[in-house]
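Protein chains in written order, with this note's numbering: chain A, 375 to 547; chain B, 375 to 547; chain C, 375 to 547.
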């Protein structure tokens, strides 16, 4: 447990105390709720599991399906709009930002969500869709859309904004 | 009504029962609230309509302006961060994901939001902006930004992430 | 105060009355909460400041760190999923949409978030990351990712969706 709080404290320079993290951060709260929901889900109490998950979503703005498997020391930063699907798996020591989706792209009932390795960082707004694999240590940039496997250690670049040319006539001459 | 729940059940392989959908899914709840808000809005009870919409937003994380017109059997999946503007229109049998915006791009008070046809799928994080038309059966990919008309049956691709080259020196040699 | 409400009224053609804006819009509520949180933060009541910010996040879906400095007549539209970091600064008369992030990209404890000038518009889903500067009057398009300084008056274009070719065989012939 302290292990888990320490992961947050090390990670976030804006965190002033453990109490702040424990009582006021939405990420740890969502993960604790998910641990409960996942136990219920594994025992096939699907409805009850979903009640817990839905309560957590209302409190935190983070939506994790009770069936998802999350590794240790996961840091969810800000978290609003994060969606993790039923058959998604996330390794240890990952960092997920708000607006990330680990979602499905086809309607295959068996395995339709991503498998994420250890030490992976996924930037805000990135969407990882389908039963693909993100290798250990990979980094995915903000707002990137990923629909293929990502090798270990790789960096996926997202859509950087480009300056509209101020004087297009110069470009022509 | 059953029609509406059936649309969800057929669509979502993670749904275990109708009870789960009815009581625990944010999408159906937001749409039911919107039906009430829209009736109030049409009767020019603007303030009251907005009270209902704001309550729904707080409960579901889905923001639908009371003035928007939504078709039948609409599926809103996950829904957090979805925004539908006042003059938007959505046809029948559409699927909208979380983080989608049907918004305005100019400040024209009359019609400033999109008109979406039937059987349209709009992926998570996509922004459809302005008084444009999305044709029947079109699909819009995750995180895509759409500011022009989309013909019926078309697919709009979004910004796929690209792998940063691991060894840029090889590219130069 | 009226100044502030007037900014909203002028901006939003869907707003029917001042009462609607004051009682029912999430943007003004989040900004009022932030004013309180920022006073507490400046007096080094970090825990209490964070309580106010977290309450505001739960009520509005807008997450503004108590340390952030916001200018006058700021309009936050819709707001769900908006994140503003601890060392971010925003000038006067700006408009920020839902899903915008003014975030950090490195773990520098001193200044790691953006400085935004006056009269800046940042479109929905745009992510502005790092201790960069956005010049006065700049406009940033929906879903754009910005990691470099933006000069005053500039427009940053985002990732527009592209139509998938309907008949690729024609392109080959």
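The C-beta atom is built at its ideal place from N, Cα and C for all residues, glycine as well.
For residue 471 of chain C, the enclosing beta strand (DSSP E) starts and ends at 469-471.
Taking residue 383 of chain B as the centre and dropping the five residues before and after it, the same chain places the C-beta of 389, 392, 395 closer than 8 Å to its C-beta, in chain order.
Sequence-distant partners of residue 519 of chain A (beyond 5 residues in either direction) whose C-beta falls short of 6 Å from its own C-beta, in its chain, are 501.
Under the DSSP assignment, residue 503 of chain C falls outside any alpha helix (DSSP H), being part of the beta strand (DSSP E) whose first and last residues are 501-503.
Residue 513 of chain A carries a strand assignment under DSSP once its states are collapsed to helix, strand and coil. When beta bridges are read from the DSSP output, residue 444 of chain A appears opposite A:464.
Considering only beta carbons, the part of the stretch 488-517 of chain A lying closer than 9 Å to chain C consists of 497, 498, 499, 515, 516, 517, in chain order.
Between residue 487 of chain C and residue 476 of chain C, the C-beta spacing is below 8 Å. Boundaries of the alpha helix (DSSP H) harbouring residue 377 of chain A: 376-385, taken from the DSSP string.
For the 8 Å CB-CB criterion, residue 454 of chain C and residue 405 of chain C do not form a contact.
Short of 8 Å from the beta carbon of residue 385 of chain A, and not among the five residues preceding or following it, lie these beta carbons of its own chain, in chain order: 449, 451, 469. Relative to the Cα of residue 436 of chain B, the nearest Cα in the group B:466, B:399, B:380 belongs to B:399.
Taking C-alpha positions only, residue 423 of chain C is separated from residue 458 of chain A by approximately 30 Å. If you ignore the 5 residues before and after residue 434 of chain C, its C-beta comes within less than 7 Å of the C-beta of 400, 403, 404, 453, all in its own chain and listed in chain order.
Taking the CA atoms as reference points, residue 497 of chain C sits about 16 Å from residue 535 of chain C. Setting aside the 5 residues that flank it on each side, residue 528 of chain B is surrounded in the same chain by 509, 512, each with a C-beta closer than 7 Å to its C-beta; the list follows chain order. When the Cα atoms are used, residue 522 of chain A and residue 506 of chain A turn out to be separated by approximately 6 Å. Considering only B:533, B:525, B:526, the residue with the shortest C-alpha distance to residue 516 of chain B is B:533. In this structure, the CA atom of residue 478 of chain B is about 5 Å from the CA atom of residue 503 of chain B. When 7 Å is used as the limit between beta carbons, residue 533 of chain B is near these residues of chain C: 533, in chain order. By the beta-carbon neighbour count (other beta carbons within 10 angstroms, threshold 16), residue 417 of chain A is exposed.
Flagged as an interface residue toward chain C: residue 538 of chain A, by a C-beta distance shorter than 8 Å.
At a C-beta separation below 8 Å, residue 391 of chain B has these neighbours in chain A: 420, 421. Contact between residue 426 of chain A and residue 411 of chain A holds: CB atoms are separated by about 4 Å, below the 8 Å threshold.
In the structure shown, residue 524 of chain B falls within a strand segment according to DSSP collapsed to helix, strand and coil. Minimum Cα-Cα distance from residue 462 of chain A among the listed residues A:499, A:490, A:421, A:474 corresponds to A:490.
Residue 524 of chain C and residue 493 of chain C have their C-alpha atoms roughly 13 Å apart. For residue 445 of chain A, no chain B residue has a Cβ inside 7 Å of its Cβ, as the nearest lies near 21 Å away. Counting along the chain, the unbroken alpha helix (DSSP H) around residue 426 of chain B starts and ends at 420-434. Residue 476 of chain C carries a strand assignment under DSSP once its states are collapsed to helix, strand and coil. Scanning B:480, B:484, B:456, B:466 for the CA closest to the CA of residue 474 of chain B turns up B:456. Remark: C-beta atoms of residue 537 of chain A and residue 538 of chain B do not approach each other more closely than 8 Å. For the C-beta of residue 394 of chain C, the chain B residues within less than 8 Å are, from N- to C-terminus, 420, 421, 424.
Going by DSSP, residue 531 of chain C is part of the beta strand (DSSP E) stretching over 529-531.
Annotation: residue 463 of chain A has no Cβ neighbours in chain B at a cutoff of 9 Å; minimum Cβ distance is about 15 Å.
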